[in-house]
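> One structure, pasted below without further comment.
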């Protein structure tokens, strides 16, 4: 997946400025695809130049004008073509897993340091799970009345919730193992 596809999806959900897109990446899409503000602005410029998106300047009282973007017909065509392409299995890169394997060679002191890191990492993911669950309650209070777009957004959120729960179960296993050594 290219950043362009993540931007197309985000702009189809809601047109916006580069700043607004960057905020969305920080809050939601960023858990699946990360990008810096600079990358987003650079790609937006290229996508507009290629005719995938249209930008327009919007005046703001007491602040500089902003440029907002929406997806054009060519951008929709690009997205449809991308949706048709097969998804390739991702290579998993998990730094913590490598550190856990490395703990076999560090002795008790290294394992104690790793234990503290796994506890910190677990707390971060426990907080993220709480954020997802609270967001689900806030954004999807009536699951019976979701339209197609909301149902697809919700299934992705459910995947994030399931992933965090699985990760927390695994981290509990890691902590139990480290404490037993």
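Residue numbers (the working numbering): 1008 to 1188. In this text, a Cβ means the ideal position worked out from N, Cα and C, and glycines have one as well.
1) Touching or not, the region 1048 to 1056 and the region 1148 to 1163, by the rule of three or more beta carbon pairs under 8 Å?
2) What whole-angstrom Cβ distance do residue 1174 and residue 1125 have, given they're in contact under 8 Å?
3) Within 8 Å, do at least three Cβ pairs link the region 1014 to 1029 to the region 1057 to 1075?
4) Per DSSP, what kind of secondary structure is residue 1083 in: helix, strand or coil?
5) Would you call the region 1061 to 1077 and the region 1023 to 1040 in contact, with 3 or more CB pairs under 8 Å?
6) Count the other CB atoms, across all protein chains shown, that sit within 10 Å of the CB of residue 1006; report buried if there are 16 or more and exposed otherwise.
7) Any idea if residue 1031 is buried or exposed, counting beta-carbon neighbours within 10 angstroms, 16 or more meaning buried?
8) May I have the straight-line CA-CA distance separating residue 1178 from residue 1033, to the nearest angstrom?
On the basis of the supplied data:
1) Remark: fewer than three beta-carbon pairs, one from each stretch, lie closer than 8 Å, so the region 1048 to 1056 and the region 1148 to 1163 are not flagged as touching.
2) That belief does not hold up - the Cβ atoms of residue 1174 and residue 1125 are roughly 11 Å apart, past 8 Å.
3) yes
4) helix
5) yes
6) Since the first residue shown for the chain is 1008 and the last is 1188, residue 1006 is missing from the structure and cannot be characterised.
7) buried
8) Distance from the CA atom of residue 1178 to the CA atom of residue 1033, rounded to whole angstroms, is 24 Å.
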